[in-house]
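Colleague:
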Ligand SMILES: NC(=O)c1ccc[n+]([C@@H]2O[C@H](COP(=O)([O-])OP(=O)(O)OC[C@H]3O[C@@H](n4cnc5c(N)ncnc54)[C@H](O)[C@@H]3O)[C@@H](O)[C@H]2O)c1
Ligand SMILES: [Zn+2]
Ligand SMILES: [Zn+2]
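In our numbering, the protein residues as written are 73 to 466.
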């Protein structure tokens, strides 16, 4: 089959690889019909290179049709249309039972000290073959495939794998009070969807911050008040002015570790890491804390006293400096983590009935063949050609 394969920093290729198979009785084999390209893939594209191996198949946002089922699979049949959550969980352990599927005690990547397995997401998350491919092996399939209706386009359902539950969790964790305000830093697919979900769930004022004009325009068109962090106007001051001088009740960091406008020396450390041999780079990356924290710092500065910072952007350093005095003195609530897809899916599914309150059906800016992956990654990373959300159509 064809798949998108990691070869090195900023080097992904579409190649023929061996077909996956049903290996265990609780697996299904999925024929992938749509598969998203995510900001999280961009972290693997360069920054997390030390945790990647040449030949790793990328991708974690698929949907498709069940092609074959293992003998123990009870709830799925050949021909079923399903969306696959980006993490693999068991559905039975104490963590799964409390709705924390990303902390699943059965699939945790113990040798790395990390949470549940994630498709196509480096050795940190178990080096599971990814979903930007024609076929995908889905383990523990009764729990890790969400059946969706046969009618309606893929674009209606595919974001249930990641974008929708991720944005939903970010907004729920932000805990915006009735009639309250929330600022969303970063208006990539995740931040854009956070704005939509926040408005849908009743936030009164939603502010969006991103340096890319067409990303701001998308959020503005759906009712967010938008700001350019690279412009002359300081978004922190402007948002404070519109929130009684106090700052918003909550701030969502939908940027993560590759923020623009960060601190020079940190950027330098990242470059150094990406040039080191694998072992040395991995340990520096884990221990030296080379994240770019500028979006998180902005969130901590911007949020009102006693407010909540909800971090949904991915961070990867192990020893990052945080302004503990400010966090403590402002009495900030801080919540974060990978999205627990199955936990939020029942709240989201009713919105995917065709009425489309969140605008998922025209959310993607690009539908591309797997063969165009190298171009797609470069275009999405550089934010060229108006790329906000790319869906592969294997
Ligand atoms: N927690 C989860 O489960 C989960 C799931 C999916 C994605 N993510 C993470 O969410 C983040 C966003 O993902 P995405 O797909 O939207 O990616 P993306 O890279 O397209 O979005 C990031 C956006 O942040 C903007 N940005 C950069 N620096 C900024 C700054 N200083 N201030 C404001 N905006 C800034 C960029 O212009 C870009 O539009 C990534 O870190 C990704 O890994 C997390
Ligand atoms: Zn994703
Ligand atoms: Zn579990």
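Here a beta-carbon is modelled for each residue, glycine too, at the ideal position from N, C-alpha and C.
When the distance is taken between beta carbons, is residue 197 closer than 8 Å to residue 189?
Modeller: Contact: yes.
Colleague: By alpha-carbon positions, which one of 157, 331, 237, 299 ends up nearest to residue 270?
Modeller: Checked all of 157, 331, 237, 299; the closest Cα to residue 270 is 237.
Colleague: DSSP beta-bridge partners for residue 382?
Modeller: Paired residue(s): 324, 407.
Colleague: My assumption, with CB atoms under 8 Å, is that residue 210 sits in contact with residue 156. Please give the rounded CB distance.
Modeller: Indeed, because the Cβ distance is near 6 Å, the residues count as touching under 8 Å.
Colleague: Given a cut-off of 8 Å, decide if residue 108 and residue 233 are closer than it, judged by their beta-carbon atoms.
Modeller: Yes, these two residues count as a Cβ contact at 8 Å.
Colleague: How about the stretch 236-251 and the stretch 374-385: do they share at least three Cβ pairs that are nearer than 8 Å?
Modeller: Taking 8 Å as the limit for Cβ pairs, the verdict is that the stretch 374-385 does touch the stretch 236-251.
Colleague: Helix, strand or coil for residue 361, going by three-state DSSP, please let me know.
Modeller: Its pLDDT being 48, under 50, residue 361 is placed unreliably by the model, and nothing is read from it.
Colleague: Using CA coordinates, which residue listed in 454, 105, 149, 243 is at the minimum distance from residue 283?
Modeller: Considering only alpha carbons, the answer is 454.
Colleague: In chain order, which continuous runs of the alpha helix (DSSP H) of length 4 or greater are located wholly inside the stretch 254-281?
Modeller: Taking only runs of at least 4 residues, the alpha helix (DSSP H) segments lying wholly in the stretch 254-281 are 261-272.
Colleague: In three-state terms, what does DSSP make of residue 336?
Modeller: In this prediction, residue 336 has a pLDDT of 42, which is less than 50 and means its spatial position is unreliable; what the coordinates show is noted afterwards. Note: residue 336 maps to helix in three-state DSSP.
Colleague: Based on the DSSP secondary-structure assignment, which residues constitute the bridge partners of residue 299?
Modeller: Partner(s): 281.
Colleague: Distance check for residue 254 and residue 88, CA to CA, integer angstroms please.
Modeller: The straight-line gap from Cα to Cα measures roughly 45 Å.
Colleague: Which residues share a DSSP beta bridge with residue 107?
Modeller: Beta-bridge pairing links residue 107 to 134, 464.
Colleague: Classify residue 459 as buried or exposed, calling it buried when 16 or more other Cβ atoms lie within 10 Å of its own Cβ.
Modeller: Residue 459 comes out buried.
Colleague: What residue from 409, 124, 434, 431 has the CA that sits closest to residue 171's CA?
Modeller: For the residues 409, 124, 434, 431, the minimum Cα distance to residue 171 belongs to 409.
Colleague: To which residues of the same chain is residue 137 closer than 8 Å at the C-beta, ignoring the five residues directly before and after it?
Modeller: Counting only Cβ-Cβ distances below 8 Å, and skipping sequence neighbours, we find 102, 103, 105, 151, 152, 153, 154.
Colleague: Between residue 259 and residue 370, which are expected to be in contact by the criterion C-beta below 8 Å, what is the C-beta distance as a whole number of angstroms?
Modeller: Not quite, the Cβ-Cβ distance comes to about 14 Å (not below 8 Å), so this is no contact.
Colleague: Mind checking who residue 88 pairs with in its DSSP beta bridge?
Modeller: DSSP output for residue 88 lists 74 as bridge partner(s).
Colleague: Counting C-beta neighbours from all protein chains within 10 Å, is the total for residue 22 16 or more, i.e. buried, or is it exposed?
Modeller: Summary: the structure shown does not reach residue 22, with the chain confined to residues 73 through 466, and so no result is reported for it.
Colleague: Please identify the residue among 426, 310, 126 whose C-alpha is closest to the C-alpha of residue 375.
Modeller: Among 426, 310, 126, the Cα nearest to that of residue 375 belongs to 310.
Colleague: For residue 437, I'd like the list of residues in its chain whose CB is within less than 6 Å of its CB, leaving aside the five on either flank, ordered along the chain.
Modeller: Excluding positions up to five away in sequence, the list reads 458, 459, 460, 461.
Colleague: Apply the 10 Å Cβ neighbour rule to residue 485 and answer buried if 16 or more other Cβ atoms are within range, or exposed otherwise.
Modeller: No information on residue 485 is available, as it lies outside the stretch 73 to 466 that the chain covers here.
Colleague: Which two residues bound the contiguous alpha helix (DSSP H) that contains residue 228?
Modeller: Note, residue 228: alpha helix (DSSP H), 226-229.
Colleague: Report yes if the CB atom of residue 235 is closer than 8 Å to the CB atom of residue 265, and no otherwise.
Modeller: Yes.
Colleague: Going by C-alpha to C-alpha distance, which of 215, 243, 290 sits closest to residue 419?
Modeller: Residue 419 has its Cα closest to that of 243, out of 215, 243, 290.
Colleague: Just to confirm the assignment, what range does the alpha helix (DSSP H) spanning residue 449 have?
Modeller: Its alpha helix (DSSP H) spans residues 445-454.
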